[in-house]
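Under numbering that gives the first Met the number 0, the sequence shown has 209 at position 210, and the numbering climbs by one with no breaks.
Glycine is no exception: its CB is placed at the ideal position from the N, C-alpha and C atoms.
What follows is a single structure, written as structure tokens, with notes after it.
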Amino acid sequence: MALLQIQEPGGKQAKPLHRRAVGIDLGTTNSLVSASCGLGVETLPDSAGQHLLPSVVHYSKGKPPLVGVEAKALLVDDPLNTIASVKRLLGKSLSELKAKQDYLPFEFDEARADGAPAILTEAGSKDVVQISADILSALVERAEASLKGALEGAVITVPAYFNDAQRQQTKDAAQLAGLNVLRLLNEPTAAAVAYGLDSNDQGNVVVFDLGGGTFDVSLLSLKNGVFEVLATGGDTSLGGDDIDHAIAEWIAAQLQESAGVALPSVAKLRQLANAAKHELSDKPQTAIVINQFSALLEESTLKKLTADMIRRTIMSCRRVLRDAGLAVADIDNIVMVGGSTRMPLVRDAVAEFFGKTPLTDIDPDKVVAIGAGIQADVLIGNKSPDSFLLLDVNPLSLGIETMGELVEKIIPRNTTIPVAKAQEFTTFKDGQTVMSLHVVQGERELVSDCRSLARFELRDIPAMVAGGAKIRVSFQVDADGLLSVSAEELSTGKKAEIQVKPSYGLKSSVIEEMLQDSQSHAKIDMEARSIKEAQLEATQLLDAIANALLVDGNLLSREEADSLAESIKALENTMTSGGSVQIHAATEELNQASSDFAAKRMDLHIANALRGESIDAVKK
């Protein structure tokens, strides 16, 4: 029952209650939480005044997990029970992670019945969702202490290129931490919200987000309070961690050249590399000292070590511009986000490519969390939803497999979300009562070149001639970027649906490869699609003629039958070796060759239908 607010005439209206909602930047290296405090949204510090929470968790038997600074201090001394950069493990399969065993200092639990990636610790087996939940729980505890009450909702940021599995595992972790997720928000978009509202910027803005484990670049149009993402790109496996790894390998190589110097642990090497990276942001060189060993790392050496990684970020920028149909000259501002953008080498490369100095006046570590907090304030009801409008996009095309292993794209990449689209399909064979639906993701024309997301079946379709049934397939992507697919037979209302939750995410750099492949293979793919479509048309004709010959083959003379058989053989040969033009031509030749047979069949069946009928009855 709805309730009316009752107040005395002329009395003061009660001040609306400010609801507690936060924005959370669940980062690879560090995490933050923000909330509306006084005049604006601010990041919330811990009791020691620290705003950044290291995304590190330590587990020990019989004790609650340590999260943050205390856990980070144990990375070197207890690497098997101390997990860092768990964000990079989200959505990955066990086989993918085992391939990077030398890169990851902990041990995986291979005995789990569900096959999900989990790490062995003194406190038992911990999967990546639980570890992420422990980080979120620490942020929730901080926020509730600061805001003096329980939280009612949270906006959590994710890389724009996170796939369905990675997004779903982020939501699962939030649920474990007791959070009501108002929305998953793409990190570059969150940065644009914070930056745009702060400066009242207008025009085209590139958000360049290079964090600890992921890289995102987004091109946004900011006009009159409307934030529209025009295009996105990036790499889910590129960030400061990779720079640390490259420096660590360089240190290890220097050590191996020095006789009598023991190689330290992976965790120690990473720690030394990270410290050197930070020093080189302010100095032209830094000394790395291990016991009696000392090596000098210069900025020029770091430039060589990171050249390929920086080149990959610039390639993503170029691709995003192309997707949006814009040139470098059309970009008004570049916003730098993520701790790795403090590196002069990164800033210089971005400035050189765009021909202008990037904006860095907002703390690159905090800007994503602040944007998430602003969005949370709107979604929870503390701020008018008319204050700004946020339009996000899906990063890769979504579609369904059709006959011939072709992909029919339902929702193209860079479509604004949330979105719902539907398309009608039909059956391929007579009497078909089941339709198998295969949901795929990618830009290529053939299923084998795209990523499989899910499979399901629509059953109890009425038995009809091929092409008689009408099946409506609907795709819906919600504001979090999560996909649901349904199929409905329109005459009966029979329906089947699936929430797409793939078990694991894309392999490293697969998204980048998918986009590159779609461009480099565009002509080949279109020809392959044309051939497949021509083959399908030919197959339908061959099946129809074969069925007709079984029923009415006696209508043909031997010569006519032989001539028709030659045309059939010619089409079958062309289907295996010819291109689309040749197959279409051979199909048309068979159509012509079978036209007399079709006419004879029609005359026969009309005669049979009219047998016994009077002329007067026919006229009526």
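Whole-number beta carbon distance between threonine 42 and glycine 212, since they are thought to touch under 8 Å: Contact between glycine 212 and threonine 42 is ruled out by a C-beta separation of about 20 Å, above the 8 Å threshold.
message: Looking only at its chain, what residues have a beta carbon closer than 6 Å to the beta carbon of aspartate 208, apart from the 5 residues adjacent to it on each side?
response: The answer, listed in chain order, is Glu186, Pro187, Asp215, Val336 and Gly337.
query: Which stretch, first to last residue, makes up the alpha helix (DSSP H) that contains methionine 314?
result: 298 to 323 is the span of the alpha helix (DSSP H), which, as asked, contains methionine 314.
message: Can you find the residues in the same chain that come closer than 8 Å, C-beta to C-beta, to leucine 96, ignoring five residues on each side of it along the sequence?
response: Around leucine 96: Leu88, Leu103, Phe107 and Pro116.
message: For glutamine 49 and leucine 229, I'd like the C-alpha separation in whole angstroms.
response: Rounded to whole angstroms, the separation of the alpha carbons of leucine 229 and glutamine 49 is 35 Å.
task: Please classify leucine 146: does DSSP put it in a helix, a strand, or coil?
output: Looking at leucine 146 - three-state DSSP - the assignment turns out to be helix.
query: Around the Cβ of glutamate 7, are there at least 16 other Cβ atoms within 10 angstroms (buried) or fewer (exposed)?
result: Its pLDDT being 45, under 50, glutamate 7 is placed unreliably by the model, and the measurement read from it follows with that caveat. Looking at its Cβ environment, which holds fewer than 16 other Cβ atoms inside 10 Å, glutamate 7 is exposed.
- request: Decide if the stretch 545 to 563 is in contact with the stretch 588 to 600; the criterion is three or more beta carbon pairs, one per stretch, under 8 Å apart.
  value: Touching, yes.
message: Quick check on the DSSP output: the alpha helix (DSSP H) that includes isoleucine 369 runs from which residue to which?
response: Where isoleucine 369 is concerned, the enclosing alpha helix (DSSP H) stretches over 366 to 378.
message: Please give the ranges of any alpha helix (DSSP H) in the stretch 125 to 212, keeping only runs that are unbroken, at least 4 residues long and fully inside the region.
response: You should have 127 to 146, 163 to 175 and 186 to 198.
- prompt: Between the Cα of isoleucine 313 and the Cα atoms of Thr81, Ile333, Ser299 and Leu589, which residue gives the shortest distance?
  reply: From the listed residues Thr81, Ile333, Ser299 and Leu589, the smallest Cα separation to isoleucine 313 is found for Ile333.
field: Buried versus exposed, by CB contacts within 10 Å (16 or more), arginine 557
entry: Here arginine 557 is exposed: its Cβ has fewer than 16 other Cβ atoms, across all protein chains shown, within 10 Å.
- prompt: Taking Cβ positions, are alanine 172 and alanine 132 nearer each other than 8 Å?
  reply: It is a contact, given that the beta carbons lie within the stated cut-off.
message: Distance check for methionine 342 and alanine 350, CA to CA, integer angstroms please.
response: Between alanine 350 and methionine 342, the C-alpha separation is close to 13 Å.
- prompt: Contact check, leucine 358 vs threonine 156 under 8 Å by CB: the rounded distance?
  reply: Going by Cβ atoms, the distance from leucine 358 to threonine 156 rounds to 19 Å, so no, they are not a contact pair.
task: Find out if the Cβ-Cβ distance for the pair valine 472, leucine 445 is shorter than 8 Å.
output: The answer is no: Cβ separation not under 8 Å.
task: Just mark isoleucine 510 as buried or exposed, buried being the case when its beta carbon has 16 or more other beta carbons within 10 Å.
output: Confidence in isoleucine 510 is poor, its pLDDT being 42 and thus under 50, which makes the residue's placement unreliable; the coordinate value appears in the next sentence. Isoleucine 510 sits buried, since 16 or more C-beta atoms from the chains shown fall within 10 Å of its C-beta.
The beta strand (DSSP E) enclosing asparagine 332, as first and last residue numbers: That run of the beta strand (DSSP E) goes 332 to 336.
message: If distances are taken between C-alpha atoms only, which option among Leu138, Ile246, Ser220 and Val438 comes closest to serine 46?
response: Ranking Leu138, Ile246, Ser220 and Val438 by Cα distance to serine 46 puts Leu138 first.
message: To the nearest angstrom, how far is the alpha carbon of leucine 52 from that of alanine 247?
response: Taking C-alpha positions only, leucine 52 is separated from alanine 247 by approximately 24 Å.
message: Checking the sheet assignment: what are the DSSP bridge partners for phenylalanine 214?
response: Under DSSP, phenylalanine 214 forms a beta bridge with Leu209 and Asp234.
Assigned exposure category for serine 396 - 16 Cβ within 10 Å defines buried: Serine 396 counts as buried, since at least 16 other C-beta atoms from the protein chains shown sit within 10 angstroms of its C-beta.
query: Would you call the CB atoms of alanine 142 and alanine 251 closer than 8 Å?
result: With respect to alanine 251, alanine 142 sits apart: the two C-beta atoms are not nearer than 8 Å.
field: Boundaries of the beta strand (DSSP E) in which aspartate 24 is found, first to last residue
entry: Residues 20 to 24.
Three or more C-beta pairs below 8 Å linking the stretch 461 to 469 and the stretch 414 to 431: Using a Cβ-Cβ distance cut-off of 8 Å, the stretch 461 to 469 and the stretch 414 to 431 are in contact, since at least three pairs of beta carbons, one from each stretch, lie closer than that value.
Euclidean distance between Cα positions of alanine 272 and aspartate 243: Cα to Cα, alanine 272 sits roughly 5 Å from aspartate 243.
- prompt: Taking Cβ to Cβ, would you say alanine 368 is nearer than 8 Å to isoleucine 23?
  reply: In this structure, isoleucine 23 lies closer than 8 Å to alanine 368 by Cβ.
task: Could you please give me the residues that DSSP links to phenylalanine 292 through a beta bridge?
output: Beta-bridge pairing links phenylalanine 292 to Ile289.
message: Please give me, in chain order, every unbroken run of the beta strand (DSSP E) with length at least 3 that falls completely inside the stretch 406 to 472.
response: As summarised for the stretch 406 to 472, the continuous beta strand (DSSP E) elements at least 3 residues long and confined to that stretch are 418 to 424, 434 to 440 and 450 to 457, given in chain order.
- request: Return the bridge partner residues of alanine 486 from the DSSP annotation.
  value: Its beta-bridge partners are Val472 and Ala495.
- prompt: Under the rule that 16 or more other beta-carbon atoms within 10 Å means buried, what is asparagine 179, buried or exposed?
  reply: By the neighbour-count rule (16 or more Cβ atoms within 10 Å), asparagine 179 is not buried but exposed.
query: Any contact of the stretch 142 to 151 with the stretch 52 to 69, i.e. 3+ C-beta pairs under 8 Å?
result: With the rule of 3 Cβ pairs closer than 8 Å, the stretch 142 to 151 does not count as touching the stretch 52 to 69.
- prompt: Expressed to the nearest angstrom, what Euclidean distance is found between the alpha-carbon atoms of lysine 303 and valine 32?
  reply: For lysine 303 and valine 32, the distance between alpha carbons rounds to 36 Å.
- prompt: Is there contact here, the stretch 315 to 332 with the stretch 270 to 289, by at least three beta-carbon pairs under 8 Å?
  reply: Too few Cβ pairs lie closer than 8 Å, so no.
message: For alanine 266 and tyrosine 58, I'd like the C-alpha separation in whole angstroms.
response: Rounded to the nearest angstrom, the gap between the Cα atoms of alanine 266 and tyrosine 58 is 16 Å.
task: State the CB to CB distance for the pair leucine 181 and alanine 153, rounded to an integer number of angstroms; the pair is presumed to be in contact (CB under 8 Å).
output: Beta-carbon to beta-carbon, leucine 181 and alanine 153 are separated by about 6 Å, close enough to satisfy the 8 Å threshold.
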